[in-house]
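So the structure is just underneath, and the comments pick up after that.
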Amino acid sequence: MTDAAHIAERYIAAWNETDAQRRQRLLAETWTPDATYVDPLQRGVGLDQISAMIGAVHDRFPGFTFTLAGEPNGYGDYVRFSWGLGPAGADAPIKGSDVAMLDGGRLRSIIGFLDQVPG
160 MTDAAHIAER YIAAWNETDA QRRQRLLAET WTPDATYVDP LQRGVGLDQI
210 SAMIGAVHDR FPGFTFTLAG EPNGYGDYVR FSWGLGPAGA DAPIKGSDVA
260 MLDGGRLRSI IGFLDQVPG
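Reading the sequence shown from the start, the letters are residues 160 to 278 in this note's numbering.
Right under this line is the structure:
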């Protein structure tokens with residue numbers, strides 16, 4: 160199995176990239192072309208849709224960044240990790256956990272869960 164921490168760090172890097180062209184390159188390096196992402200608020204298929212979703216998060220929460228919370232772990236072709244989204248240096252008001260399915264060490268499918276969302 161590919162190192163869970165490395166996979167999670169690359170995933171978070173893509174979500175933190177605000178430049179659309181650099182984000183697209185990161186996605187192409189770390190995700191399969193037909194990757195899927197789903198959480199309670201959004202769904203995307205393919206790198207273009209996933210990049211657009213990430214851009215929408217940046218538009219909605221300007222200046223917020225994703226950080227890993229705890230230690231990522233995995234088994235076989237699956238990786239699980241938790242994250243926070245918020246302003247730098249502050250407790251993240253939004254928290255979640257994701258489960259990723261890999262294909263050859265690249266992200267193929269992500270299921271996201273929102274663990275804490277402000278009212």
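Every residue, glycine too, gets a C-beta built ideally from N, C-alpha and C. These numbers were taken from a predicted model, which means no experiment stands behind them.
Inter-residue Cα distance where the pair is residue i and residue j
i: residue 272; j: residue 239; result: 11 Å
i: residue 184; j: residue 277; result: 32 Å
i: residue 223; j: residue 275; result: 15 Å
i: residue 204; j: residue 163; result: 23 Å
i: residue 237; j: residue 251; result: 25 Å
i: residue 262; j: residue 176; result: 23 Å
i: residue 267; j: residue 202; result: 14 Å
i: residue 216; j: residue 253; result: 12 Å
i: residue 246; j: residue 265; result: 29 Å
Supposed contact pair residue j and residue i - C-beta distance, whole angstroms, cut 8 Å
i: residue 190; j: residue 206; result: 6 Å
i: residue 171; j: residue 242; result: 7 Å
Residue of the options minimising C-alpha distance to residue i
i: residue 196; options: 163, 188 and 174; result: 174
i: residue 169; options: 194, 221, 211 and 227; result: 227
i: residue 258; options: 212, 208 and 233; result: 233
i: residue 256; options: 225, 246 and 217; result: 225
Test item: CB-CB of residue i and residue j under 8 Å
i: residue 229; j: residue 179; result: no
i: residue 244; j: residue 210; result: no
Residue i - containing beta strand (DSSP E), residue span
i: residue 275; result: 265-275
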